[in-house]
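To start, the structure itself, in structure tokens.
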Ligand code: XIL
């Protein structure tokens, strides 16, 4: 095994909760001394060798032996949703289905993902509830199962459809208030149901000494782009949320319901997108994977299998992508059965493996590696923020102390052969009306495109300056621009000058 692979395994292991460690430790130990282990014959065993879980959405009436044989993680498909278990005052009811699933998972040595606490859909008696009532429910639900739940989807599907990059405007997000009118909900004076729900969930986890990790989950957030190379604004918005609330959010779920909607297709930049979230320090999971067979011209086989390979490979290539969950066992029992999007045919406990199953198993058996991601098309953030998100709690320290003028910090998402850099420009103690940032790239690195900035030069010393809408920055406030390049760009030291 090469040292890169060993290092990735190490990172993956440290990122995983104890339960996963128990699940995979023996397999990993064998792997590290024996590079060519025999191919595993179940999804869960092959995944364990690669240091991740492979899970399934399940219901109490479908707990057939295959669940524990093939899968190492279980998400209740419907039994932990508020419409099943919440009372209007945030209490619990009808938990027997959820209990059955948690017990089944435990006796089959499977992790559980709790799904889900705060969601506009399937809200049942909680529909329209206040944040205080949501907080009561969050406390009751988390405490009911405690550390038996490895991951909780605290907030589900907070972002609007159609790649707008906006929050939904229906309840519970209708409770949000943008106090200073700067276009985001990240400021201390703002009201944000995402932030407040995560703060509550984090309190409960800490008070109980629980190992449960807290996740945000959404769909159409899988790639950096959507069809036609358009930036994935929904993914960018999710990224901003995680970056701003990193202290409360431990993990990000990409639902990965792929179909032929232009915003739901499989793009080549899924791995790069997973990587940038991983670089924020969160675990990433593929949480509800199904792939509409239409995406492969209805060939019911090879094309769909290749699509599964792509998605599984994207996760395997990022050490912090620690689990993949398919949204059901077989096509006929899927929530979207007409799309034939899963790994098995058949039903009622009698299942046949599809080509997609064999592809996934084969890909998992190859393990994690450092195959570079395909080159990604230019990424332009969604709506350029006039006043960008401000981290209410932990703004990154500037490289030079802000006086008058400006300072700049850079954060990098890198992969073998390429990188995306995000540069934050912060005004000092006085407002500025324009800025320029100079950076010297290491030799071999070349900038291929930039956004939210004008650029001169592409290698060596490169100069960026504000565009029309982001030159004015108030005292102590920040704006961001980004650029993408080939090669390696470590150790960048941006120098900011107010103009
Ligand atoms: C779906 C279930 O699979 C269906 O059985 C139910 O009727 C509707 O919800 N995103 C989610 C899941 O987060 O909870 C949804 O599950 C699928 C989309």
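Residue numbers (the numbering used here): 1020 to 1518. Note that the Cβ used here is the ideal one computed from N, Cα and C, for glycine as well.
Sequence-distant residues of its chain with Cβ nearer than 8 Å to residue i (five each side left out)
| i | result |
| --- | --- |
| residue 1506 | 1436, 1437, 1438, 1460, 1461, 1463, 1464, 1465 |
| residue 1365 | 1349, 1351, 1371 |
| residue 1511 | 1429, 1431, 1440, 1458, 1459, 1460 |
| residue 1297 | 1303, 1337, 1338, 1339, 1340 |
| residue 1194 | 1149, 1150, 1210, 1212 |
| residue 1513 | 1418, 1427, 1428, 1429, 1442, 1456, 1457, 1458 |
Residue j beta carbon less than 8 Å from that of residue i
| i | j | result |
| --- | --- | --- |
| residue 1500 | residue 1429 | no |
| residue 1145 | residue 1160 | no |
| residue 1187 | residue 1198 | no |
| residue 1101 | residue 1158 | no |
| residue 1074 | residue 1132 | yes |
| residue 1330 | residue 1062 | no |
| residue 978 | residue 1233 | Because the chain in this structure spans residues 1020 to 1518, residue 978 falls outside the shown range and cannot be described. |
| residue 1170 | residue 1334 | no |
| residue 1182 | residue 1251 | yes |
| residue 1126 | residue 1097 | no |
| residue 1155 | residue 1108 | yes |
| residue 1153 | residue 1191 | yes |
| residue 1345 | residue 1309 | yes |
| residue 1282 | residue 1205 | no |
| residue 1539 | residue 1087 | Only positions 1020 to 1518 of the chain appear in this structure, which leaves residue 1539 out of reach. |
| residue 1427 | residue 1374 | no |
| residue 1285 | residue 1246 | no |
| residue 1076 | residue 1360 | no |
| residue 1229 | residue 1265 | no |
Cβ shell of residue i (< 6 Å), same chain only, five flanking positions each side left out
| i | result |
| --- | --- |
| residue 1517 | 1424, 1425, 1451, 1454 |
| residue 1295 | 1432 |
| residue 1376 | 1362 |
| residue 1519 | Residue 1519 lies beyond the stretch modelled for the chain, which goes from 1020 to 1518, so this question has no answer here. |
| residue 1175 | 1135, 1138, 1236 |
| residue 1240 | 1253, 1254, 1257, 1273 |
| residue 1082 | 1123 |
| residue 1065 | 1059, 1380, 1383, 1384 |
| residue 1368 | 1083 |
| residue 1238 | 1274, 1276 |
| residue 1328 | 1378, 1382 |
Same chain, Cβ closer than 7 Å to residue i, five either side skipped, listed in chain order
| i | result |
| --- | --- |
| residue 1163 | 1111, 1114 |
| residue 1356 | 1350 |
| residue 1089 | 1061, 1062, 1063 |
| residue 1121 | 1131, 1164, 1167 |
| residue 1412 | Summary for residue 1412: the model assigns pLDDT 45, below 50, so the residue's position carries little reliability; its value from the coordinates is reported in the next sentence. Taken in chain order, the residues that qualify are 1266. |
| residue 1227 | 1162, 1165 |
| residue 1289 | 1241, 1242, 1330, 1333 |
Environment of residue i [buried if 16+ CB atoms lie within 10 Å]
| i | result |
| --- | --- |
| residue 1196 | exposed |
| residue 1279 | exposed |
| residue 1306 | buried |
| residue 1509 | exposed |
| residue 1069 | buried |
| residue 1084 | exposed |
| residue 1231 | buried |
| residue 1124 | buried |
| residue 1342 | buried |
| residue 1189 | exposed |
| residue 1220 | buried |
| residue 1487 | exposed |
| residue 1105 | buried |
| residue 1180 | exposed |
| residue 1050 | Confidence in residue 1050 is poor, its pLDDT being 39 and thus under 50, which makes the residue's placement unreliable; the coordinate value appears in the next sentence. Residue 1050 comes out buried. |
| residue 1475 | exposed |
| residue 1448 | exposed |
| residue 1386 | buried |
| residue 1489 | buried |
| residue 1485 | buried |
Presumed contact (8 Å Cβ cut-off) between residue i and residue j, rounded CB distance
| i | j | result |
| --- | --- | --- |
| residue 1275 | residue 1243 | Not quite, the Cβ-Cβ distance comes to about 14 Å (not below 8 Å), so this is no contact. |
| residue 1481 | residue 1458 | 5 Å |
| residue 1473 | residue 1503 | About 15 Å separates the two Cβ atoms, so there is no contact after all. |
| residue 1384 | residue 1059 | 6 Å |
| residue 1216 | residue 1173 | 6 Å |
| residue 1067 | residue 1091 | 6 Å |
Residue i: CB within 7 Å of a non-hydrogen atom of the ligand PLP
| i | result |
| --- | --- |
| residue 1238 | Absence of the ligand PLP from the depicted structure is noted, with the ligand XIL being the only ligands included. |
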